[in-house]
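Read the structure below first, then the notes.
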Amino acid sequence: MAKYITKQRRIFLDYLEFHPDEPLTAKQIAEALSSENISVSAVYRNLSDLEAEGKVRRSTRVGNRETYFQYVDADACKACLHLSCKKCGKTFHMCASNAKKITENIKMNESFVVDSQNTVIYGICVGCKK
Ligand SMILES: [Zn+2]
Ligand SMILES: [Zn+2]
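For the numbering used here, add 43 to where a residue sits in the sequence shown, where the first one is 1.
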């Protein structure tokens with residue numbers, strides 16, 4: 044049984060690693076993994092485990108009751124700051140040198156060390172600004 048859960052979790056993680064920064068509902072993930080026999084409740088269980096480990100971030104959108112889960116533990120995600128669009132829900136990576144400038148600035152001027160992996164800057168993306 045334990046082995047089965049491990050295998051299931053591996054499949055689950057592989058899927059998420061393939062879709063970093065993409066806000067997905069538990070239902071969407073369950074549908075994508077339906078051929079793997081992973082139930083919606085298993086998806087929820089895995090998501091809440093990963094959330095507790097800080098690997099998944101939960102979000103909601105204005106005017107929408109769905110809860111979205113986003114995988115934020117991909118290697119490319121660890122060093123950068125994330126920009127999240129409040130309208131379309133897309134996440135963008137701030138270029139590393141820009142992110143560094145901002146965090147260095149905060150460190151210097153506020154004596155505060157930013158936890159980049161857990162920091163999201165919310166706003167409106169260029170596609171939604173029109
Ligand atoms: Zn990222
Ligand atoms: Zn947008």
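We treat Cβ as the ideally placed atom computed from N, Cα and C, and that holds for glycine.
These figures come from a predicted structure and were not determined experimentally.
Whole-angstrom C-beta distance between residue j and residue i, which should lie under 8 Å
i, j, result
"residue 87", "residue 129", "Contact doesn't hold; Cβ gap of about 25 Å is too wide."
"residue 90", "residue 69", "6 Å"
Collapsed DSSP secondary structure at residue i in the structure displayed
i, result
"residue 169", "helix"
"residue 44", "Reliability of the predicted coordinates at residue 44 is poor, the pLDDT of 47 falling under 50, and no value is obtained from them."
"residue 54", "helix"
"residue 67", "strand"
"residue 120", "helix"
"residue 174", "There is no way to answer for residue 174, as the model of the chain reaches only from 44 to 173."
"residue 157", "coil"
"residue 82", "coil"
Residue i: first and last residue of the uninterrupted beta strand (DSSP E) it sits in
i, result
"residue 109", "107-114"
"residue 77", "Element bounds for residue 77: n/a, residue is neither H nor E."
"residue 131", "Here residue 131 belongs to no beta strand (DSSP E), and DSSP marks it neither H nor E."
Residue j beta carbon less than 8 Å from that of residue i
i, j, result
"residue 113", "residue 134", "yes"
Nearest residue (CA-CA) to residue i, options the options
i, options, result
"residue 96", "156, 152, 115", "115"
"residue 62", "107, 118, 81, 122", "118"
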